[in-house]
Structure formats: C-alpha cells, structure tokens
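Enquirer: In the working numbering, the protein residues as written are 30 to 255.
Beta carbons: idealized from backbone N, C-alpha and C, even for Gly.
Before anything else, here's the structure in question.
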C-alpha cells in the first residue's frame, strides 16, 4: 500500500571508521587490491575483518496491520587466516513468540564469495536453497547460511532483512566484535508518530547525526510479508 502524508521525519544516523581507506561501502564493489590484502594493517593477528557493516530501519504501512519495521543489514568481510573461515557460517535469530502480532520474518540475500584466481576476480553466489531455518524454542527461530567456496583470502558479502510488526523497540545494533570493524553505519527515518530513545553502550566514541524534516513521506510496503 502507498501511504502518504505531510509529516515530520526524524533521521538518525550513527557511523564510525576505524581505518581510513579509499573503499566503497556497497555490496558488489570488490577490488583486486582488497583480495590481495594478506593481513589487517592495523591488527596483523586478526583472522578476519569486517570491512563494513551497514544497517537501516525502514518503516512501512499496511492498512490492515498499521506500521511495520524493516531492518536491513549488509556485511562485507575479509578472511585472512584459517581461523577466520568460521565467518562463512552466519546465523541470525528472530522472534516468533508474540501473542497479538505476526511473528518476525527474516530473509537472507546477496550472499556472495569473491576469490582471486589467476589475477581475476571470481564470484560464487549462494544458491536459493542455501539458507536453513530451525525452531530454537517457542519464542525464537533461527536462519543460517554457509557462504560457498570460502578460503583464506576470500571476501564474503551478504544481506538480510528482518521484518517485524514490533515497533516498540528497535533491535540492538552491534558494532564491536572479536575481529576488527573498519566501517559501520546505521540509519533510520522515523515518522513523527513515534519517539525513540537512543542508548549507546560501550566506551568507544562514535559519530551520530539527526535532523527533523517535513514533506511528503512515502511508507510504501516494498518489504511485503509474502
């Protein structure tokens, strides 16, 4: 459904850069130089590095269910050592234990492995049957993927969308891991109907930005629950 109104929209952004590199923070933009990199120049002991983690929350509207939140995550990870191969296995839990709301939905996409072979970039996509769902308990489900053809030197990318009718609390956004993170970013446009409090946990100082704008805001439900 296309829901338009003259509203104020609150734009909130957090981001951080641990290493200043001329890098593209978009999926599908992998370079030969990145694949040739043998170690993290800031931490040579790191088995892998998250080259970027990006997320955004998009609100959509349905005339029957009202507003929903769609949380979109994108990852790009470089594997340096055999200890880093475990990052080829990704799993995400999502909540199904609501009493009055539809259960959350989670879908992986854009899962790709990049390798350098004879000086050329070779891309291996995860096929459509590559994700698996299991029930953890009556409150949680879990989806997993294993990126194909991952080896030392590979770069892996993947995306997932978490669709939820629970708009009371937005999910936590982690930006510290047991491997280095070069760049992270979280954005959301919040309709004026809702007010959220931001809570930053940890000692690292990060940059944030927010502003209020007015205009025609579309809440077209591109992330439908099909």
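Taking the alpha carbon of residue 146 as the point to measure from, which residue in 236, 106, 60 and 53 has its own alpha carbon closest?
Expert: Counting from 1 along the chain shown, the entry for residue 146 is found at position 117. The candidate whose alpha carbon is nearest that of residue 146 is 60.
Enquirer: Per DSSP, which one or two residues make a beta bridge with residue 24?
Expert: With the chain running from 30 to 255 in the structure shown, residue 24 is simply not present.
Enquirer: Measuring CB to CB, does residue 211 end up less than 8 Å from residue 81?
Expert: As a working mapping, residue 211 is identified with position 182 in the chain shown. As a working mapping, residue 81 is identified with position 52 in the chain shown. It is a contact, given that the beta carbons lie within the stated cut-off.
Enquirer: Return the CA-CA distance between residue 220 and residue 97, expressed in angstroms with no decimal places.
Expert: Here the question's residue 220 lines up with position 191 in the chain shown. Here the question's residue 97 lines up with position 68 in the chain shown. So the two alpha carbons sit approximately 12 Å from each other.
Enquirer: According to DSSP, which residues form a beta bridge with residue 91?
Expert: Position 62 of the chain shown holds residue 91. DSSP, once it has assigned bridges, lists 95 as partnering residue 91.
Enquirer: Excluding the 5 residues flanking residue 103 on each side, which residues of the same chain have their C-beta closer than 6 Å to its C-beta?
Expert: The count along the chain shown starts at 1 and reaches residue 103 at position 74. So the list reads 56, 83 and 188, once near-sequence residues are dropped.
Enquirer: Which class does residue 165 belong to by DSSP, given the choice of helix, strand or coil?
Expert: Locating residue 165 in the chain shown gives position 136, where the first residue counts as 1. Residue 165 falls in the coil class under three-state DSSP.
Enquirer: What's the C-alpha gap between residue 228 and residue 165?
Expert: Counting from one through the chain shown, the residue named residue 228 turns up at place 199. Counting from one through the chain shown, the residue named residue 165 turns up at place 136. Cα-Cα distance, rounded: 28 Å.
Enquirer: In the structure shown, what three-state DSSP assignment does residue 5 receive?
Expert: The displayed coordinates of the chain run from 30 to 255. Any statement about residue 5 would go beyond what the structure contains.
Enquirer: To which residues of the same chain is residue 163 closer than 6 Å at the C-beta, ignoring the five residues directly before and after it?
Expert: Indexing the chain shown from 1 puts residue 163 at position 134. Excluding residues within five positions, the ones whose Cβ falls inside 6 Å are 171.
Enquirer: By DSSP's criteria, residue 181 is part of a beta bridge. Which residues make up the other side?
Expert: Here residue 181 is taken as the residue at index 152 of the chain shown, counted from 1. Its beta-bridge partners do not exist; DSSP assigns none.
Enquirer: Have a look at 113, 138 and 114 and flag the residue whose alpha-carbon is nearest the alpha-carbon of residue 161.
Expert: Counted from its first residue, the chain shown places residue 161 at position 132. For the residues 113, 138 and 114, the minimum Cα distance to residue 161 belongs to 138.
Enquirer: Please look up how many angstroms separate the CB atoms of residue 179 and residue 142, rounded, as I've assumed it's under 8 Å.
Expert: By 1-based counting over the chain shown, the position of residue 179 is 150. By 1-based counting over the chain shown, the position of residue 142 is 113. Rounded, the Cβ-Cβ distance is 5 Å, consistent with contact.
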